[in-house]
Structures are given as structure tokens and as C-alpha cells.
Amino acid sequence: MTNINLEHPEYNQCKGMWRKYRDLYVGGEQMKANAPDYLAQRQKEPADVYRERLNRVFYENYIGSIVDWYAATLFRREPQLILEGTHKGGRKFFSQFAEDCDLKGTSISDFFRGRLIDTLITGRSYILIDFPQGPDQVGSRAEEDALGLSRAYMVDFPAEALINWSHDARGNYEWIMLRSTYFRKSDVDSDHGTRETIWRYYDREHYKIWRQVAQGDADPAEQDSEPDLIAEGTHALASQQRVPLFELKVSDGLWLMNKAGNLQLEHFNKSNALAWALNVGLFATPVVYSERDWNQIVGESYYIQLGPNDRFGWTEPEGKVYQIAADNLTRLQEEIYRVCYLMTQSGGSASSAAAQSGLSKLRDFAITQEVLRAYGDAVKDCMKRILRSVEQAREDDLQIDVSGLDDFDLRDFTSDLEEAEKLLSLGINSPTLRKQVYKRLAFKYLSDVRQEVKDEIAGEIDRSFAALE
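According to the numbering used here, the sequence shown is numbered sequentially starting from 30.
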């Protein structure tokens, strides 16, 4: 039997890092529960003191807010699907697909927003294309549509799910192995649930799916029973000779968590150390100046006994360590925002009105816009590859493109109308140019309407220009 639990060396190298990055993004109780992995214990620090520090731990989550800001800003206006072709069934399908791409009611915009967040955290995320299972032989395309077998959908997988793979000389997948774990309860009265692990294998033509069930919190990998092969066959993209898994990935320079994660972790340790020092400093320690033995009870607090000629001090620079620590925390916060190309949002001295002119702020935001456009290009490229593969599998004879995800200016729509009017007034004799300008303006103004309505508007614009020719 195939060893389905074998893990790729790169996966083994990255899985600990991914776990840390997930904790840094989520923060809150998850970060507090895993604080022993991140809060540094001082040399020879008593165990009870360290436990108390763990109980009082807190986390200022800057990087999580930064990742969410980028995802929200990029998808402020939904991407537009542009369909060229006369196949009514295909156009209807892709209009429905844009509104529900995963058979869970998730729009394609919301789906890819989630995938972008995953990508900014772990550097990559994965999308599997699948079709509903049915009879091996179907009489016609109409029967296939009636049975719902042509209803393609997407399944999201985090980076941690792809445990093993192989690439060909061109960098395309030859085969992959996905592993997912779910906790299920058979009914509402059940005291115990089951932990179910699913392995999915895909190559260029075939797929296999295994399942293993363990009781309660037991690890399925430690079970004596072998996983059961529950399904196998030819997958929907076999005719294209490709693995039906698509990767959304950004370059190392645009992988935000990798750039800012260690800074965020350093800020976590410094802020907790300062908070602990301030908290301890609030409880004054009695000092007794006496040359005779002191054995009186002073309550449950500590005390220090000094002789009249003894001296007392701190081994820190001039007693200003608190201010030094506070300044360092501010610098770390600003650095987190700087490496994420959001210097104007850091809230520190470098982003204040006194420190930056209006031109400087505009230049900084221009850099942020270029980063957003790079993310938009990566998302659109992934969307195009998926949609075109689905179209090829369905044989709809459509040309598909994706536009949008490139407008981050919060200016009024009137500015876009004025620019379009100036462009068209140049007298360029190009019906295609005018047609695309009209479509772009219409889609931008109606960015929140259903894809079916956008498709109808695009068709009406095409027909109006065709009538003029």
C-alpha cells in the first residue's frame, strides 16, 4: 500500500513556522494558550514567577490588523468576470459560479479574499477544482447539466494541507497528496465525537481518496487500522493532463507575515517584560535601616535591610530603563508597519503630521498602492487560470478574463467619469476602446450587483455597438 503519510522535506521544514505564523495572526486566546512557545523565560527565572508571567500575558496584534487591512482594501470593489461568447448555458453557469463558487453560498470575491489572507500568512494557499460525482456514463450534455454533474466548484486548502508533491521540469505538479482532519459528532446526544482524517491523491489523470476514523482526540496516525480507500477514478481535468490544484502565491518580498513575524514576536516579549516590570514596581518594598538584627513581622511582603552607611542602586542605565523600553516598543511598532509598506498607519512619531509633509504621505501611500496592485495581479492570475480550466473542462466555448482589483483610491466616482470623458474626447476612432470604457465605468459604478446583472449589461453594450457597425 502507498505510504500516504509521507511528508515532503519542504513541508517538514515549514510546518512549525506556519503554526507560529497562524498564532501571530489570530492572537487573542489562541496566542495566550500557546504563550509558553513564544514568551522567553529569563535565565534562572523561578518557575512560579514564569508561570505568573504566563498568566498575565497579553498580545498587541499589529500584523493581524495589517493583513486584514490589505485583504479588505484589495477587495473593496469586487473583481469583474468578463465573458466573451454566445454559449448561453456557459454564461449562466459562470454567473452562478461568481455568486456561489464552493456550493456553500460563498461569492468568488469572498472566497479569494480568504485565500489572500491565507497567502499573506503562510506565503501560499491552494484551491482544488472538483465536480460532483455521478454515473460513469452520461448520455448527453443536457443530461449532465440536469444531474448537476457539470456544476464545478472550488475547495480551499491551507498550506498545511499539502503534505507531499512532485513537480515536473516546467514546475507543474505531477502529483499531490492533501491531508485534512475533521472532528465530527454523529448526533446531538453523543458524548464523544470522532476524529476523521482524509487523504486526497491527484495526478494528471486520476484521484484516490482514503479515510481513517479515530475515537475522541486520538491521533488517527497512531491507530492500528489502515486508512480505507473510499473513492478513486478519473478527475475532471484529466483531458487537460493537469493536476486540479491551483496555487495562490506571492513573492518573499510580499509575504507580510514572514517580513514582520519576528518583529511582532520581539514586540510581544518586550511589551510583556515592560508590563511585568511596571506591575512589580507598583508594590513598594520596605527598606529597614538598622545595625541590629531585624526579626519583626512586616506582613506578607518582602523587605530589604540596610545598614545606615550602606548604599542601594539598580544595575540599569541611570534608572531610565522603563523609558528606554517604551521607546523601543514604539520603534518596533513603526518597523512592523514600515516593512509592510504601511508607514502612514503606524501611529508613531514617523507618521505624525508634524513629521511628514502631505507630499511625503502621498508618496508613502503610492508605494502601498503598488503593493496592492501586485496582490491584485496575483489574485487575478490565479482566478483566470481556474476559470479557464473550468471552461475548458465544461467545453463552453467562452473567452474569460478578469478585471478590477486595481482601484484603491477613495475619490468620488465623478473623477472617473471626467477622466473617461477626456479620453473619449480625444477622437480616437476605436469602437473597441469606447466599448471597454463603457464597460469599465458601468462595472465600477455597479460593483456590488450580481454577476448575472453585470453579464447582461456587458451583453447589451456589445449588442449596441454591433448595431452601429
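Here a beta-carbon is modelled for each residue, glycine too, at the ideal position from N, C-alpha and C.
Name the DSSP bridge partner or partners of Lys501? Only positions 30 to 498 of the chain appear in this structure, which leaves residue 501 out of reach.
Reference Lys288; option with closest CA among Asp356, Val242, Ala496 and Arg367: Residue 288 sits at position 259 when you count from the first residue of the sequence shown. Out of Asp356, Val242, Ala496 and Arg367, Arg367 has the C-alpha closest to the C-alpha of Lys288.
Inset, instruction - Following the continuous alpha helix (DSSP H) through Tyr54, name the residue where it begins and the one where it ends. - result: As a working mapping, residue 54 is identified with position 25 in the sequence shown. From DSSP, the alpha helix (DSSP H) with Tyr54 extends over Pro38 to Val55.
Check your understanding: Among the residues of its own chain, which have a CB less than 8 Å from the CB of Ile259, if the five just before and after it don't count?
Key -> For this step, residue 259 is matched to residue 230 along the sequence shown. Answer for Ile259: Ile238, Trp239 and Arg240, listed in chain order.
**Request:** Would you check if the distance between the CB atom of Tyr99 and the CB atom of Tyr404 is smaller than 8 Å?
**Result:** The count along the sequence shown starts at 1 and reaches residue 99 at position 70. The count along the sequence shown starts at 1 and reaches residue 404 at position 375. In this structure, Tyr404 lies closer than 8 Å to Tyr99 by Cβ.
Discussion item. Am I right that Asp430 and Ser124 are in contact with their C-beta atoms under 8 Å? What's the rounded C-beta distance?
Written reply: The count along the sequence shown starts at 1 and reaches residue 430 at position 401. The count along the sequence shown starts at 1 and reaches residue 124 at position 95. Your pair Asp430 and Ser124 does not check out as a contact, with CB atoms roughly 15 Å apart and the cut at 8 Å.
| query | Taking three-plus beta-carbon pairs below 8 Å as touching, is the segment 456–469 in contact with the segment 189–201? | reply | no
Q.
Buried or exposed, going by whether 16 or more other CB atoms sit within 10 Å of the CB of Asn32?
A. Taking the sequence shown and counting its residues from 1, the one referred to as residue 32 is at position 3. Result: exposed.
Pull up the distance between the alpha-carbon of Ala382 and that of Phe212, whole angstroms please. Along the sequence shown, read from residue 1 onward, the residue named residue 382 stands at position 353. Along the sequence shown, read from residue 1 onward, the residue named residue 212 stands at position 183. With a pLDDT of only 46 at Ala382, under the threshold of 50, the placement of this residue in the model should not be trusted; the figure read from the coordinates follows. Computed Cα separation, rounded: 51 Å.
Check for me: the beta strand (DSSP E) holding Met286 runs from which residue to which?
The sequence position of residue 286 within the sequence shown is 257, counting from 1. Careful: Met286 lies outside any beta strand (DSSP E), inside the alpha helix (DSSP H) at Leu285 to Gly310.
Could you check which residue in Leu207, Trp284, Thr115 and Asp410 has the C-alpha nearest to that of Arg153?
Position 124 of the sequence shown, counted from the first residue, corresponds to residue 153. Out of Leu207, Trp284, Thr115 and Asp410, Trp284 has the C-alpha closest to the C-alpha of Arg153.
| Reduced DSSP category for Arg105 - H, G, I as helix; E, B as strand; rest coil | Against the sequence shown, residue 105 aligns to sequence position 76. Looking at Arg105 - three-state DSSP - the assignment turns out to be coil, as it is neither helix nor strand.
Margin query: What would DSSP say about Ala382, mapped onto helix, strand or coil?
Written below: Counting from one through the sequence shown, the residue named residue 382 turns up at place 353. Confidence at Ala382 is low in this model, with a pLDDT of 46, below 50, so its placement is unreliable and the value that follows should be read with caution. In this structure, Ala382 counts as coil in the three-state DSSP scheme.
- Item | Check whether Glu203 and Arg229 have beta carbons under 8 Å apart | Taking the first residue of the sequence shown as 1, we reach residue 203 at position 174. Taking the first residue of the sequence shown as 1, we reach residue 229 at position 200. No, they are not a contact pair.
Query raised in the report: Hey, out of Ala127, Ala495 and Gly118, whose CA is closest to Ile111's CA?
Result: Residue numbering aside, residue 111 sits at position 82 when the sequence shown is read from its first letter. Among Ala127, Ala495 and Gly118, the Cα nearest to that of Ile111 belongs to Ala127.
Could you check what DSSP says for Leu178 in three-state terms: helix, strand or coil? As a first step, residue 178 must be located in the sequence shown, where it is residue number 149. Three-state result, Leu178: coil.
Original post:
Out of curiosity, what's the CA-to-CA distance linking Asp257 and Gly222?
Top reply: Residue 257 sits at position 228 when you count from the first residue of the sequence shown. Residue 222 sits at position 193 when you count from the first residue of the sequence shown. For Asp257 and Gly222, the distance between alpha carbons rounds to 19 Å.
Any Cβ of chain B within less than 8 Å of the Cβ of Glu189? Here chain B cannot be found, since the structure has a single protein chain.
**Request:** Report the residue from Ser418, Gln480, Ser493 and Ala495 whose alpha carbon sits nearest the alpha carbon of Arg120.
**Result:** Residue 120 sits at position 91 when you count from the first residue of the sequence shown. Comparing alpha-carbon positions, the option among Ser418, Gln480, Ser493 and Ala495 lying closest to Arg120 turns out to be Gln480.
Between the segment 294–304 and the segment 171–191, do at least 3 Cβ pairs fall closer than 8 Å? no
Ordered along the chain, which non-local residues of its own chain (more than five positions away) have a Cβ less than 7 Å from that of Tyr79? Here residue 79 is taken as the residue at index 50 of the sequence shown, counted from 1. By the criterion of a C-beta distance shorter than 7 Å, Tyr79 is surrounded in its chain by Gln70, once the five residues flanking it on both sides are discounted.
Practice problem: Grab me the residues of Pro346's own chain with a C-beta within less than 6 Å of its C-beta, minus the 5 sequence neighbours each way, in chain order. | Solution: Looking up residue 346 in the sequence shown gives position 317. Model confidence at Pro346 stands at a pLDDT of 48, short of 50, so the residue's coordinates are unreliable; what they give is reported in the following sentence. If we look at Pro346 and ignore the five residues flanking it on each side, it has no Cβ neighbours.
- Buried versus exposed, by CB contacts within 10 Å (16 or more), Asp491: Here residue 491 refers to the residue found at position 462 of the sequence shown. Classification of Asp491: exposed, given that the 10 Å Cβ count is below 16.
Worksheet entry | Helix, strand or coil at Arg231 [DSSP, three-state] | Numbered from its first residue, the sequence shown carries residue 231 at position 202. In the sequence on display, residue 231 carries Tyr and not Arg. DSSP places Tyr231 in strand when its eight states are reduced to three.
My assumption, with CB atoms under 8 Å, is that Lys468 sits in contact with Asp445. Please give the rounded CB distance.
Start at 1 with the first residue of the sequence shown, and residue 468 comes out as number 439. Start at 1 with the first residue of the sequence shown, and residue 445 comes out as number 416. With 8 Å as the limit, Lys468 and Asp445 do not qualify as a contact, their Cβ atoms being about 13 Å apart.
Report the CB separation of Val466 from Leu475 in whole angstroms; it is logged as a contact under 8 Å.
Looking up residue 466 in the sequence shown gives position 437. Looking up residue 475 in the sequence shown gives position 446. With a Cβ gap of about 15 Å, Val466 and Leu475 do not count as contacting.
Just mark Asp425 as buried or exposed, buried being the case when its beta carbon has 16 or more other beta carbons within 10 Å.
Taking the first residue of the sequence shown as position 1, residue 425 is located at position 396. That one is buried.
Quick one: Cα of Ala449 to Cα of Phe140, how far? Stepping through the sequence shown from its first residue, residue 449 is reached at position 420. Stepping through the sequence shown from its first residue, residue 140 is reached at position 111. Ala449 and Phe140: Cα-Cα distance of roughly 31 Å.
Q: Count the other CB atoms, across all protein chains shown, that sit within 10 Å of the CB of Ile396; report buried if there are 16 or more and exposed otherwise.
A: The residue given as residue 396 occupies position 367 in the sequence shown. When all chains shown are included, Ile396 counts as exposed.
Check the DSSP bridge columns for Glu261 and list the partner residues they point to.
Locating residue 261 in the sequence shown gives position 232, counting from the first residue. Secondary-structure assignment with DSSP links Glu261 through a beta bridge to Lys237.
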